[in-house]
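Report on the structure given below.
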Amino acid sequence: MNSQNKSKHKALGLLLLAFIAPVVIAKLVLSLNLYHGGATNHGELINPETSYASLGVENPNPKEWQLLYLLPAQCDDACRERLYILRQSHTALGPDQARVEPLILTHPDSDLNALSAFNFNTRPANAGLSHWLDEQQLIIVDPLGSLVLRYPQVQGREAHLAQGKALVADLRKLLKLSRVD
């Protein structure tokens, strides 16, 4: 009779373990940040309330996706590499490149000589937008004027190429899912 009680307690213990163990394991995985959600974007997502309107800027190209870059006062090799990757990324979009406009924002002291090898549209930047483009970041803006993704500055040719591929992958995904043409 004693062995029958032990087997009942053992069965009850296994049953409780089967239902409690997954909850405990899930709690541990989430609390230790071992699970990374289903995000597939490569760039850093920008707060949804950030838009041209919230920064006090009129959308220069409504109904078009935009790639923004702030031209620094001194365009060094990293800056020229960034401009090259921006042009190549736009070209790599193929048939979708007509939906995306690379836009170089300038300050009065920006190095405009760096743009001589490129054919980019330029616009003057205001202080609010300059804050978002500090440290030579690239930013994707949707057709409604919301700043969507940010790509921080990287160093080295290989890192620039990898970031260009990530930028193209994100843009293709955004263009595919976009309901605004």
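Residues in the sequence shown are numbered from 889 upward in steps of one, following this note's numbering. Backbone N, C-alpha and C fix where the C-beta goes; we use that ideal spot for every residue, glycine too. Remember, it's a predicted structure, so these values are computed and weren't measured experimentally.
Where the beta strand (DSSP E) through VAL1068 begins and ends | By 1-based counting over the sequence shown, the position of residue 1068 is 180. DSSP places VAL1068 outside any beta strand (DSSP E), giving it a letter other than H or E.
Going by the CB atoms, is the gap between TYR940 and GLY1052 shorter than 8 Å?
-> Walking along the sequence shown from the start, residue 1052 turns up at place 164. Walking along the sequence shown from the start, residue 940 turns up at place 52. Between GLY1052 and TYR940, the C-beta gap is not smaller than 8 Å, which leaves the two residues out of contact.
Could you give the DSSP three-state label for TYR957: helix, strand or coil?
-> Locating residue 957 in the sequence shown gives position 69, where the first residue counts as 1. When DSSP states are grouped into helix, strand and coil, TYR957 belongs to the strand group.
Report buried or exposed for ILE1084, applying the criterion of at least 16 other Cβ atoms within 10 angstroms of its Cβ.
-> Lying before the first or after the last residue shown, residue 1084 is absent from the chain, which here runs from 889 to 1069.
Rounded C-alpha distance that separates GLN892 from LEU900 = Along the sequence shown, read from residue 1 onward, the residue named residue 892 stands at position 4. Along the sequence shown, read from residue 1 onward, the residue named residue 900 stands at position 12. Distance between the alpha carbons of GLN892 and LEU900: 12 Å.
Would you give the residue range spanned by the alpha helix (DSSP H) that ARG975 belongs to?
-> Counted from its first residue, the sequence shown places residue 975 at position 87. Per DSSP, ARG975 is one residue of the alpha helix (DSSP H) stretching across 965-980.
Give a yes or no on whether the C-beta atoms belonging to GLU946 and ARG1038 are separated by under 8 Å.
-> The sequence position of residue 946 within the sequence shown is 58, counting from 1. The sequence position of residue 1038 within the sequence shown is 150, counting from 1. For GLU946 and ARG1038, no; Cβs fall outside 8 Å.
Express the C-alpha separation of VAL1029 and ARG987 in angstroms, rounding to a whole number.
-> In the sequence shown, the residue the question calls residue 987 occupies position 99. In the sequence shown, the residue the question calls residue 1029 occupies position 141. C-alpha separation (whole angstroms): 12 Å.
Would the beta-carbon of LEU1021 fall within 8 Å of that of LEU958?
-> Along the sequence shown, read from residue 1 onward, the residue named residue 1021 stands at position 133. Along the sequence shown, read from residue 1 onward, the residue named residue 958 stands at position 70. Inclusion of LEU1021 and LEU958 in the CB contact set at 8 Å is warranted, their separation being smaller than that value.
Do the segment 1009-1018 and the segment 969-983 make contact, defined as three or more Cβ pairs closer than 8 Å?
-> Under the three-pair Cβ rule at 8 Å, the segment 1009-1018 does not count as touching the segment 969-983.
Rounded C-alpha distance that separates ILE992 from TYR923 = Position 104 of the sequence shown holds residue 992. Position 35 of the sequence shown holds residue 923. If you take the alpha carbons of ILE992 and TYR923, they lie about 38 Å apart.
Should ARG970 be labelled buried (16 or more other beta-carbon atoms within 10 Å of its own) or exposed?
-> Counted from its first residue, the sequence shown places residue 970 at position 82. Answer is buried; the Cβ neighbour count reaches 16.
Output the distance between the C-alpha atoms of LEU905 and THR928, rounded to the nearest integer angstrom.
-> Taking the sequence shown and counting its residues from 1, one reaches residue 905 at position 17. Taking the sequence shown and counting its residues from 1, one reaches residue 928 at position 40. Their Cα atoms are separated by approximately 35 Å.
LEU943 and LEU955: beta carbons closer than 8 Å?
-> Here residue 943 refers to the residue found at position 55 of the sequence shown. Here residue 955 refers to the residue found at position 67 of the sequence shown. For LEU943 and LEU955, no; Cβs fall outside 8 Å.
Beta carbon of ASN1009 nearer than 8 Å to that of GLU989 = The residue labelled residue 1009 in the question sits at position 121 within the sequence shown. The residue labelled residue 989 in the question sits at position 101 within the sequence shown. Yes.
Residues near HIS1055 by beta carbon distance below 8 Å, same chain, minus five either side = Residue mapping note: residue 1055 aligns to position 167 of the sequence shown, counting from 1. Here residue 1055 is Leu; the residue named in the question, His, does not match the sequence. Cβ within range, chain order: HIS930, GLY931, LEU955, ILE973, SER977, LEU1026, ILE1028 and TYR1039.
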